[in-house]
Amino acid sequence: MNPQELLQQIAGQLHKLAKDAVVGLVGALPEPGEDPSAAGTVLAGRLLAVHDRLPAGNSLVELVRETLGDLDGASPVRLHGWRRAVGAPLGVALVLDDPAGPAGGRAVLGVTPDGPVFDVVVTPGAALSLPQTVRGPWTAEATVTAAQGWDAAFGPGLPPAPPGGSAAIKLRRTGRLSAGMTEGPGMSVDGLALTVTSEPGTPAAVELELQGFTAAVLPVALARLLGIGAAGPMSGSPAPVVLRADRTEGLRFAGTGGLHVPVPLRLNAPGVSSRGAALELTSDGGEPRLVMSVSASAGLPGLPLRIHLDRAGIDLPFAPATRPGLGLDPAGLHELVPDGIGAELKVPPISGGGLVRGSPAKGYGGLISVDLGVLRLQAVALFRPPDGRAATSFLVLLAARFPAPGIQLGLGFALDAVGGLVGVNRRADVTALQQLVGDGNADHVLFPDRAVERAQEIIGSLGSAFPEAPGRILVGPMIRLNWGGRMVSLSGALILELPAPARAILLGRLLVGLPDPEVPLIRLQASVLGRIEPAVPLVELLVSLSGSWIVGLAVRGEMYLLVRGGRQPQFVLSAGGFHPRYPRPAGVPALNRLQVDLAPGSGFGLRMEAYFAVTGNAVMFGGQVQLDATIAGCGVQGWLGLDALFVFDPVFAFSVHVRAGVAVRAFGRRLAGIALDFTLEGPAPWHAFGTGSISVLFWDVELDFDVRWGSPPAVAPKAGRDPREALAPVLAQSKAWAAERPAAERTALVFTTAANERLSQGTLVHPDATLRVNQRVVPLGVPISRFERRPVPLQTWTLKEIKFGTPRPAAGLPTLPERFVPGEFFDLTEEAQLTEPAFVSHAGGVQVGADGVRLGTGHRVDDGYETGYEPRLPQREFSGWHGFFLREAVFGIGATERLERWRTAEAAVKVRPPTLSVVAAASLKPLLADVTMVDATADAWQTVSGQLAQPSQTLRLVENWELGR
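Read in order, the letters of the sequence shown are residues 45 to 1009 in the working numbering.
Here is the structure:
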């Protein structure tokens, strides 16, 4: 559910509540006449006489009574009759008059039960205010202005009406309000504030503030089990929670802009820790609900057991239209079944724990970790049962970790852990795995530490990295080695995704911790993701240093390698990303710069970053150093940066950008500074441009420069040759023409060895073949102004006609894409030369079928065959059989000959499928003859019967032999 849908649900309920309120008021009040004070204004004939009281009504009417009173003669707001148009149903209106009288201005909110329709009418020039009115715990105030007047209608099915003026209505209620059980769970607030605003040019908005919100989420029994004693409210500073609604963005929390907002509350008890307390707006069966949830861990008093609850809490319905009261409904309170339930047990030498949780896709995820002293076992599983639309899918991750120092392998290496991954109807999501590696969280898959505590994020990461995919299978081993007493740890998993197209995923993690891996001063972590797809072919490698530091100084950065063949060949090697002006190749992730933060604190900071990249058409490198040495806003700031880009295709060009500067600051203000930003591009011609600046106190001087020198070659470049000179020989070659045999043949032809050889040579063409004519000399269908990088007259090349048996025009035939270098065929600007890709795709040929081919003269062939056996069958032998007659004898029959006896002989008579006809049911009179039905489904029958004007009940489908001749 999104904010728009939730707002529509609540608006529908409030519309029904307003309609019932108006119908009840109209029935309880006498029918009024016209209001004489409205004569001569925009309200004439619409605003009816005033009522002297507000009768009893539903919850909306009683809310008006609580905030504004009985709307009698002493009230600044009066209740009138309302008829929005001649013949319209009778309604009611709330009217705010100027203290000097209706002539000074009037604002009307009219409600008609037909819809309902809400009319806002403000007389021109009105500037009205409702002074602060206090009635018990309620306070109300309002201001309305409309210089040009305001007349707009709102309601279901009506188009949005722009505000014609400004309005602000504020309602406040003080005093504690609670909803829930006496001993908990429940929710409470210290007060409410409702604000309605409307301004010209912006949509009207409603804000509801829950002041001093707090909650008790645990049932009494569970609270006592955890040793809390009672389900008291959660501790923490009372949180203001603001709900905002408007037509553009729907209903949401103002703090986050969504349907979920965290609150600073926690469970308060010894041995209990909580996290993730949050409020959420949901809908259950069309009923909006307010959900309060929290995740908690607690030890059971007197037991070596600790339990974990993930997203336990309560939810309450709010703003229903069928109850006598507004707001939260205590009777509808529901206790949330936790999304996850876990437990930890510590009974030395055995300890362990586990967790089971549901998933939004109606599946389940579970984790268990057990330390047996001599072996630590871990298992993570994701399971979704079949639901009628998809088959069962599951993913299992198993790991066994050996106690320190592991199984010794020699040379200081030891086997630390082994494991594996198996998934059915699951695939590997490379984008999610790249995100996992980039965040330094590869250990979510590779032997995670503190698995029970991090169960939620581990299960979530596995679900996103290996989503459901029908027909796909994952299998892969895992291993972890260490060296030097675990100072160096290397984990790796090779995951195969099957069946075809098969691919291999390599996931690895190298961790170096010095001098002690438990408390390292130097921690270098390299997370690795590799991918191999032979069908493309493709090799990809991503390495991330996220989560590394050297004596507290952060080290970050990513490295990437891509080698791809096939129709879109690509080579990319990058350490730290790309030049800012170079477009990142398609499919390459955004890479973080290689960075080192030298920031020991005390007002000193030094950051260094760099990058280097090589692609198929460019080389680039650069870096930046930033210095910040300030204390209390006083100090020095400096920077030095370089970005260099060299492009070789489509034409050679380069760009070098240098920036440097230093500034002296005092108390947060710049006292003096000097800066230079310089770019050099070339060659032929050269172009230098940039800005230099000097600043001293209040004196600033800037100098912009843009200089060009040099020129293109004095002699005009030689014109390119006619493309026909290169195109004709290429099209004359046999490799430009190819006949592709079909993947599924319609014929039953069996080709001889000689015929297959001629088919492979191209001298014979299969009857079902597709002809391809292709070239890479010029792109087809696009204007070109260069050929072989030399200028030529603007021209466009196309294929006009294909003669393959029967001549046919090439227009409309499927085109075959080819890759061309843009600089060889098009004029490019300097910017395009630096940013255009090395290759672009254009049509290079067409594909045509074999219809119209002249076939050779037919001739009879002998399609008989003989049956032979290798090795040959043994000779038949007689053997005696001591049966009833001593002279009985039988043949000794081998297995192969026995099989031949049961082989079905070729049928001498074949029955073809019957032909069907549509006839009249009463007389069997043919109506549609020789109807071919694909199947017997209702859709096929509907297609046939739709060709006739008679109803389908009078038609029948019969075989032709049933009809009389």
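Cβ coordinates follow ideal geometry from the N, Cα and C atoms, glycine included.
| query | result |
| --- | --- |
| Out of P811, Q805, P866, which has the shortest C-alpha to C-alpha gap to V821? | P866 |
| For N485, count neighbouring C-beta atoms within 10 Å of its own C-beta (all shown protein chains included) and say buried if the count is 16 or more, exposed if not. | buried |
| At the level of alpha carbons, what is the spacing between I937 and A799? | Residue confidence is low: I937 scores 49 on pLDDT, short of 50, so the model does not pin down where it sits. No coordinate-derived value is stated. |
| When you compare each of L775, A657, F795 to N636 by their alpha carbons, which one comes out closest? | A657 |
| So the beta strand (DSSP E) A1051 belongs to, where does it begin and stop? | With the chain covering 45 to 1009 only, the question about residue 1051 has no answer from this structure. |
| Starting from N526, trace the alpha helix (DSSP H) in both directions and tell me its first and last residue. | Taken as a continuous stretch (DSSP letters only), N526 belongs to no alpha helix (DSSP H), being part of the beta strand (DSSP E) at 512-527. |
| First and last residue of the alpha helix (DSSP H) that includes T481? | The residue you asked about is not Thr; residue 481 is Val in the sequence shown. First-last of the alpha helix (DSSP H) with V481: 474-482. |
| If you follow the alpha helix (DSSP H) that V94 is part of, which residue opens it and which one closes it? | Careful: V94 lies outside any alpha helix (DSSP H), inside the beta strand (DSSP E) at 91-95. |
| Taking L112 as part of the alpha helix (DSSP H), name the residues at either end of that continuous run. | 103-112 |
| Does DSSP put G56 in a helix, in a strand, or in coil? | helix |
| For I539, count the other beta carbons within 10 Å of its own beta carbon; 16 or more makes it buried, fewer makes it exposed. Which is it? | buried |
| Can you grab the Cα-Cα spacing for the pair G507 / T674, in whole Å? | 46 Å |
| Assuming L112 contacts V105 under a Cβ cut-off of 8 Å, what Cβ separation, rounded to an integer in Å, is found between them? | About 11 Å; that fails the 8 Å criterion. |
| Nearest-angstrom Cα distance between A813 and Q612? | 26 Å |
| What's the call for A980, buried or exposed, on a 16-neighbour Cβ count within 10 Å? | Since pLDDT at A980 reaches only 41, below the 50 mark, its modelled position is unreliable, and no value is offered. |
| Going by CA-CA distance only, name the one from P308, D64, E324, R319 that's closest to L287. | E324 |
| Going by beta carbon distance, what residues of the same chain come within less than 8 Å of G838, once the five residues before and after it are set aside? | It is worth fixing the name first, because residue 838 is Leu in this sequence and not Gly. P827, I828, S829, listed in sequence order. |
| Which residue spans inside the segment 700-750 form an unbroken alpha helix (DSSP H) run of at least 4? | none |
| Tell me, which residues are paired with S652 by DSSP? | Position check: residue 652 holds Met in this sequence, whereas Ser was assumed. V640, V669, per the DSSP bridge assignment. |
| Tell me whether M522 is buried or exposed, calling it buried when 16 or more other Cβ atoms sit within 10 Å of its Cβ. | buried |
| Grab me the residues of W182's own chain with a C-beta within less than 8 Å of its C-beta, minus the 5 sequence neighbours each way, in chain order. | E110, T111, L215, R216, R217 |
| What does DSSP give as the partner residue(s) for S395 in the beta ladder? | K390, D415 |
| If I measure Cβ to Cβ from A249 and keep anything under 8 Å in the same chain, skipping five residues before and after, which residues do I get? | V240, T241, S242, R288, A289, D290 |
| Which residues does DSSP pair with Q839 in a beta bridge? | I828 |
| Which class does T292 belong to by DSSP, given the choice of helix, strand or coil? | coil |
| Per DSSP, what kind of secondary structure is Q81 in: helix, strand or coil? | The sequence given here has Ser at residue 81, not Gln. Three-state result, S81: helix. |
| Is the distance from the Cβ of G407 to the Cβ of L399 below 9 Å? | no |
| Return the CA-CA distance between A984 and T959, expressed in angstroms with no decimal places. | For A984, the pLDDT reaches just 45, beneath the cut-off of 50, and the residue's location in the model is therefore unreliable, although a value from the coordinates is still provided. For A984 and T959, the distance between alpha carbons rounds to 16 Å. |
| The beta strand (DSSP E) with R216 in it runs from where to where? | 210-224 |
| Give me, in chain order, the residues of the same chain whose beta-carbon lies closer than 6 Å to that of Q668; leave out the 5 immediate sequence neighbours on both sides. | E653, G685 |
| Rounding to the nearest angstrom, what Cα-Cα distance links T591 and D483 in this structure? | In the sequence as presented, Thr is not what sits at residue 591; that position holds Gly. Near 8 Å, if we compare the C-alpha coordinates of D483 and G591. |
| Looking at G450: is its Cβ nearer than 9 Å to the Cβ of A458? | yes |
| Figure out for me which residue from A876, V890, L236 has the closest Cα to the Cα of V884. | A876 |
| Enumerate in chain order the residues of its own chain whose CB-to-CB distance from V139 is below 6 Å, with the five nearest sequence positions on each side excluded. | R122, H124, V152 |
| Across which residues does DSSP place Q805 in a beta bridge pair? | In the DSSP output, where bridge partners are listed per residue, Q805 has none listed. |
| With burial defined as no fewer than 16 other Cβ atoms inside 10 Å of the residue's Cβ, what is the status of E512: buried or exposed? | buried |
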